[in-house]
Amino acid sequence: MKKNVFLLSLFLFVFAWMGSSFALDDLKVQTPRHKSKLSFLTLNENKVLVSVLNEENEAILGLQKEDFHITRGPKTAQIISVEDVAEQRDQGLNIVLVVDNSYSMKMRKAIGPVLGAMDEFLSLVRPIDDVHVITFTDPGTPQAGKPRVSSRITQSGDSALLSLSLKESYADPTDGTYLYEAMQEGLKIIRGMPEKSQKFMVIFSDGEDINSIIKPVDLQLASAGLKNFTVFAVDYMDKPGLDPFLQSFAEGTGGKIRKARSASDFLPIFKQFSTTIFHRYGVTFRFLNPPTGTLTSEPATVNIEEITIVDSSPFLNYVYFDTGSSEISQRYATFTQPGETEGFAMEKLKDTMEKYHHILNVIGRRMVENPDALITIVGCNSNTGEEKGRLDLSRSRADKVFAYLRYVWGIDPSRMEVKAQNLPSVPSTSRVPEGVVENQRVEIYSIHPAILDTINSTYTQEECDTSEIRIVPAIESETVIDKWQFRLLGGGNVLLTREGTGKPPESFAFDIKSLGVHNVALMKQISAEMDGVDNEGNTFSIATALPTRINFLKREERIAQKLESRVIEKYGLILFEFDRADLKDRNQVIVNRVITRMAQLNSASMDIAGHTDIIGKEDYNIKLSERRASAVYGSMLETGIAVGSQITYAGNGPNNPPYDNNIPEGRALNRTVIITLMYTENGE
Numbered sequence: 038m039k040k041n042v043f044l045l046s047l048f049l050f051v052f053a054w055m056g057s058s059f060a061l062d063d064l065k066v067q068t069p070r071h072k073s074k075l076s077f078l079t080l081n082e083n084k085v086l087v088s089v090l091n092e093e094n095e096a097i098l099g100l101q102k103e104d105f106h107i108t109r110g111p112k113t114a115q116i117i118s119v120e121d122v123a124e125q126r127d128q129g130l131n132i133v134l135v136v137d138n139s140y141s142m143k144m145r146k147a148i149g150p151v152l153g154a155m156d157e158f159l160s161l162v163r164p165i166d167d168v169h170v171i172t173f174t175d176p177g178t179p180q181a182g183k184p185r186v187s188s189r190i191t192q193s194g195d196s197a198l199l200s201l202s203l204k205e206s207y208a209d210p211t212d213g214t215y216l217y218e219a220m221q222e223g224l225k226i227i228r229g230m231p232e233k234s235q236k237f238m239v240i241f242s243d244g245e246d247i248n249s250i251i252k253p254v255d256l257q258l259a260s261a262g263l264k265n266f267t268v269f270a271v272d273y274m275d276k277p278g279l280d281p282f283l284q285s286f287a288e289g290t291g292g293k294i295r296k297a298r299s300a301s302d303f304l305p306i307f308k309q310f311s312t313t314i315f316h317r318y319g320v321t322f323r324f325l326n327p328p329t330g331t332l333t334s335e336p337a338t339v340n341i342e343e344i345t346i347v348d349s350s351p352f353l354n355y356v357y358f359d360t361g362s363s364e365i366s367q368r369y370a371t372f373t374q375p376g377e378t379e380g381f382a383m384e385k386l387k388d389t390m391e392k393y394h395h396i397l398n399v400i401g402r403r404m405v406e407n408p409d410a411l412i413t414i415v416g417c418n419s420n421t422g423e424e425k426g427r428l429d430l431s432r433s434r435a436d437k438v439f440a441y442l443r444y445v446w447g448i449d450p451s452r453m454e455v456k457a458q459n460l461p462s463v464p465s466t467s468r469v470p471e472g473v474v475e476n477q478r479v480e481i482y483s484i485h486p487a488i489l490d491t492i493n494s495t496y497t498q499e500e501c502d503t504s505e506i507r508i509v510p511a512i513e514s515e516t517v518i519d520k521w522q523f524r525l526l527g528g529g530n531v532l533l534t535r536e537g538t539g540k541p542p543e544s545f546a547f548d549i550k551s552l553g554v555h556n557v558a559l560m561k562q563i564s565a566e567m568d569g570v571d572n573e574g575n576t577f578s579i580a581t582a583l584p585t586r587i588n589f590l591k592r593e594e595r596i597a598q599k600l601e602s603r604v605i606e607k608y609g610l611i612l613f614e615f616d617r618a619d620l621k622d623r624n625q626v627i628v629n630r631v632i633t634r635m636a637q638l639n640s641a642s643m644d645i646a647g648h649t650d651i652i653g654k655e656d657y658n659i660k661l662s663e664r665r666a667s668a669v670y671g672s673m674l675e676t677g678i679a680v681g682s683q684i685t686y687a688g689n690g691p692n693n694p695p696y697d698n699n700i701p702e703g704r705a706l707n708r709t710v711i712i713t714l715m716y717t718e719n720g721e
């Protein structure tokens, strides 16, 4: 017997202990809150029939939605409902019932109790179930050519018919016990059932099998490889302990064996088995939808117009140096030899900052064009820290400017006076680092009006009717977005890429100036696309359904169509005295020019905007810029060349700076009042 039990452990198919789940294909069902043996049958793509047993192989009852966890790979399903299907089932069960009906049952007066217990068990059978009842028959004397028949099989889904078959079997109990042969027949039936269906064998044994020609090892081989197969056994043998073979056979499939010490044990044992076998949970679920959505581009249309700019930029006559250095910064545009200066033309320079960075070349050109002009070059230092009292450094800085004008532009040394001092005559405040850096400079002066005059140029520039393009994602997702990539497209080409993790921002805003108005003007449309991955491995891609259309109207097109085209003239005032708003010297000259120009134009509008740097308190700077803008406004009204309805003015302080506040020349140029004239020219 020990040898047979050992062989059983080698050959018997063991129904896997999964801890908390059993996977069919790539679907995985778990009960994380409970240590359980779990098996399931997939009914459809959104429903499974689940059996949940505890460590004693007894059904765990009362589970709810929150007790189940269903996954497929990295994807997690939403549990819709959990239905107890002990009574209402939409999937049939496959059961083979092997019942010992030998004469010893009559001798032990156990027929009535076992039939009562069987009736209780079979009362749960439904017509959709496939149930086989196998009992013994005495095979009689062996006859040549005839098979040995030691069992009777009844197949039905009718509980009454099955109960009747059992009663008939006990009406004529057998002399011998043919348990193994009956089990062999049952295994043949089991093997013919659908592989993926759950299959049960319930064995009731009254005594040790001594009459079968089938041995345990034959049953071991017959059951090897069976899937989704579970055995439950009732040991009513008249001896202590459990039958080793039946115990190994049942428990090896993940089933259970119970000892019936008296006939009164039958009913509770079969009730427990019936609960385990017939009780299922119908779990309805669905996998979460991956992210979907669209991108909306705002505005729907961007209008860009090519306009004429007449730019009269103020001349900032300072050259700034790095701390402790007398080398001309690479921010400034310089030539290396005289021959390179021939092609330099001030009128080709565009904005104010570009003109400023050509300060040495502008002075060089003007000195060449005005041979009677003289200049004074004054080197200065911050007179603090490593520059404290460094007149030699101031002199060296002035000499660098002197040398550039002499050797590159060919200016006669006699026309240039070089001086050195510590702080400039009108220094910036030394209480803040920005002011200290601004005092590290060379100042260039001339009494000749042409040398430090404004730098005038005329050019075309694209002007846009909106400041930014905004892309708004509208994403619907039942899962969590893990990572994403956003791409802004212009004319089909990638302009910008942004990446992130988690939920994307509510919108993506792109400043058109940063993109380059000229570049945007050449694109027919701007669109966007986004793709990403959610926490379940789903990928998604969305895009703008309606890109932003770029409407670019060129100046020559307006002229060809004899349409009016816009013209903007800009004038800048700088070098206001500290904390003063009155107009003096060069600023007054510029204001007078604007007054004269305004008188020449019909229906021109004027905008006066005061600005400051970032040094000091914002409120104070806003009020100072308002006073300066107001002073210019007052001068315009005094002349009578314009009425108040034609002019707007405001003080911006440090807000919306026209130039970069991170460099000294940017801060100096931001201490300004910008006067803008706007009018139209006839296309004829």
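Residue 657 in my numbering sits at position 620 of the sequence shown; the count goes up by one each step and never skips. For each residue, glycine too, the CB sits at the ideal point set by N, CA and C.
What number of angstroms, rounded off, separates the C-alpha of HIS394 from the C-alpha of LYS387? Here residue 394 corresponds to residue number 357 of the sequence shown, with the count starting at 1. Here residue 387 corresponds to residue number 350 of the sequence shown, with the count starting at 1. Taking the Cα positions, HIS394 is about 11 Å away from LYS387.
May I ask you to report which of helix, strand or coil DSSP gives ARG704? Stepping through the sequence shown from its first residue, residue 704 is reached at position 667. Helix.
Of the listed residues LEU201, TYR357, GLN284, nearest to GLY472 (C-alpha basis): On the sequence shown, position 435 is the one that residue 472 refers to. For the options LEU201, TYR357, GLN284, the alpha carbon positioned closest to that of GLY472 is the one of TYR357.
Using 8 Å as the threshold, is the C-beta distance between ILE165 and ILE190 below it? The residue given as residue 165 occupies position 128 in the sequence shown. The residue given as residue 190 occupies position 153 in the sequence shown. The answer is no: Cβ separation not under 8 Å.
So the candidates are ASN698, ILE226, VAL631, GLU543; which of them puts its Cα closest to the Cα of LEU714? Your numbering for residue 714 matches position 677 in the sequence shown. Considering only alpha carbons, the answer is VAL631.
Please state the DSSP three-state secondary structure of MET560. Mapped onto the sequence shown, residue 560 falls at position 523. If DSSP states are grouped into helix, strand and coil, MET560 belongs with coil.
Throw me the rounded Cβ distance for the ALA511 and THR331 pair, which I believe falls under 8 Å. Within the sequence shown, residue 511 is the residue found at index 474, counting from 1. Within the sequence shown, residue 331 is the residue found at index 294, counting from 1. The Cβ separation is near 5 Å, so the contact holds.
Where ILE508 and PRO470 are concerned, what is the direct C-alpha to C-alpha distance, given to the nearest angstrom? Along the sequence shown, one-based indexing puts residue 508 at 471. Along the sequence shown, one-based indexing puts residue 470 at 433. Taking the straight line from one Cα to the other gives about 40 Å.
Measure the C-alpha to C-alpha separation of SER349 and LYS392 and round it to an integer number of angstroms. Your numbering for residue 349 matches position 312 in the sequence shown. Your numbering for residue 392 matches position 355 in the sequence shown. Rounded to whole angstroms, SER349 to LYS392 spans 10 Å at the Cα level.
Reference ILE711; option with closest CA among GLU675, GLY677, ASP656, THR649: Translated into positions along the sequence shown, residue 711 becomes position 674. Looking at the Cα atoms, THR649 is the closest of the given residues.
Would you mind listing the alpha helix (DSSP H) stretches within the region 339-411 that are 4+ residues and don't spill past its ends, in chain order? For secondary structure counted as the alpha helix (DSSP H) over 4 or more consecutive residues, the region 339-411 holds these complete runs in sequence order: 389-394, 396-406.
Quick check: what's the CA-CA separation for GLU601 versus GLY569? As a first step, residue 601 is located in the sequence shown; it is residue number 564 there, counting from the start. As a first step, residue 569 is located in the sequence shown; it is residue number 532 there, counting from the start. GLU601 and GLY569: Cα-Cα distance of roughly 48 Å.
Bridge partners for ASN530 per DSSP, in chain order? For the purposes of this step, residue 530 is taken as the residue at position 493 of the sequence shown. DSSP output for ASN530 lists GLY527 as bridge partner(s).
Element boundaries [beta strand (DSSP E), containing TYR444]: As a position in the sequence shown, residue 444 is number 407, starting the count at 1. Counting along the chain, TYR444 falls outside any beta strand (DSSP E), though it belongs to the alpha helix (DSSP H) covering 428-444.
First and last residue of the uninterrupted alpha helix (DSSP H) at PRO281: As a first step, residue 281 must be located in the sequence shown, where it is residue number 244. For PRO281, the enclosing alpha helix (DSSP H) has its first and last residue at 281-288.
Please state the DSSP three-state secondary structure of PRO542. Taking the sequence shown and counting its residues from 1, the one referred to as residue 542 is at position 505. The three-state secondary structure of PRO542, taken from DSSP, is coil.
Which of helix, strand or coil does DSSP assign to ALA580? Within the sequence shown, numbered from 1, the residue matching residue 580 stands at position 543. ALA580 falls in the strand class under three-state DSSP.
C-alpha distance - ALA705 paired with LEU612, whole-angstrom precision: One-based indexing of the sequence shown puts residue 705 at position 668. One-based indexing of the sequence shown puts residue 612 at position 575. Using only the alpha carbons, I get a separation of about 8 Å.
For GLU93, collect the residues of the same chain with a Cβ closer than 6 Å to its Cβ; drop the 5 residues on either side in sequence, then sort them by chain order. The residue you call residue 93 lines up with position 56 of the sequence shown. Within the same chain, GLU93 has no close Cβ partners at all.
Nearest-angstrom Cα distance between SER640 and ARG664? Against the sequence shown, residue 640 aligns to sequence position 603. Against the sequence shown, residue 664 aligns to sequence position 627. For SER640 and ARG664, the distance between alpha carbons rounds to 26 Å.
Within its chain, find whatever has a CB closer than 7 Å to the CB of ALA60; leave out the 5 residues flanking it on each side and keep chain order. Translated into the one-based positions of the sequence shown, residue 60 becomes position 23. Caution is warranted here: a pLDDT of 44 is assigned to ALA60, below 50, making its placement in the model unreliable, and the coordinate value is therefore given only provisionally. Nothing listed; no residue qualifies.
At 4 residues or longer, and completely inside the region 291-341: list those alpha helix (DSSP H) runs for me, N to C. Within the region 291-341, the complete alpha helix (DSSP H) runs of at least 4 residues are 303-315.
Mind checking whether ARG623 and LEU489 have CB atoms under 8 Å apart? By 1-based counting over the sequence shown, the position of residue 623 is 586. By 1-based counting over the sequence shown, the position of residue 489 is 452. It is a contact, given that the beta carbons lie within the stated cut-off.
Whole angstroms are fine: how far does the CA of ALA668 sit from the CA of PRO701? Locating residue 701 in the sequence shown gives position 664, counting from the first residue. Locating residue 668 in the sequence shown gives position 631, counting from the first residue. The straight-line gap from Cα to Cα measures roughly 26 Å.
When burial is assigned at 16 or more other CB atoms within 10 Å of the CB, is LYS236 buried or exposed? To locate residue 236, count along the sequence shown from 1; it is residue 199. Result: buried.
Determine contact between the region 428-435 and the region 358-372, defined as no fewer than three beta-carbon pairs at a distance below 8 Å. Enough Cβ pairs lie closer than 8 Å, so yes.
Taking just the CA atoms, how far does GLU205 sit from ASP724? What the structure shows of the chain is the stretch from 38 to 721, and residue 724 is not part of that stretch, so it cannot be assessed.
Is it the case that the Cβ atoms of ASP246 and LEU216 are separated by a distance below 8 Å? Within the sequence shown, residue 246 is the residue found at index 209, counting from 1. Within the sequence shown, residue 216 is the residue found at index 179, counting from 1. Closer than 8 Å, so yes.
What residue does the beta strand (DSSP E) around PRO150 start on, and which one ends it? By 1-based counting over the sequence shown, the position of residue 150 is 113. Where PRO150 is concerned, there is no enclosing beta strand (DSSP E), although the alpha helix (DSSP H) it sits in stretches over 148-159.
Simplified DSSP state of THR267, which is helix, strand or coil: On the sequence shown, residue 267 is found 230 positions in, with the first residue counted as 1. Here THR267 sits in strand by DSSP.
Can you tell me where the beta strand (DSSP E) with GLN115 in it begins and where it stops? Indexing the sequence shown from 1 puts residue 115 at position 78. Per DSSP, GLN115 belongs to the beta strand (DSSP E) from 112-121.
Could you please give the first and the last residue of the uninterrupted beta strand (DSSP E) stretch that includes GLU606? One-based indexing of the sequence shown puts residue 606 at position 569. It spans 602-610 - the beta strand (DSSP E) in which GLU606 sits, taken as one unbroken run.
Mind listing, in chain order, the continuous alpha helix (DSSP H) runs of no fewer than 4 residues lying wholly within the region 617-678? Listed in chain order, the alpha helix (DSSP H) runs fully inside the region 617-678 are 622-637, 655-676, counting runs of at least 4 residues.
The region 316-332 / the region 104-116 touching (three or more Cβ pairs under 8 Å): Here the region 316-332 makes contact with the region 104-116; the two share three or more CB pairs at distances below 8 Å.
Does the distance from the CB of ALA337 to the CB of ASN407 come in under 8 Å? The residue you call residue 337 lines up with position 300 of the sequence shown. The residue you call residue 407 lines up with position 370 of the sequence shown. No, they are not a contact pair.
Cα-Cα separation between THR333 and LEU590, rounded to whole angstroms: As a first step, residue 333 is located in the sequence shown; it is residue number 296 there, counting from the start. As a first step, residue 590 is located in the sequence shown; it is residue number 553 there, counting from the start. Approximately 25 Å, taken between the alpha carbons.
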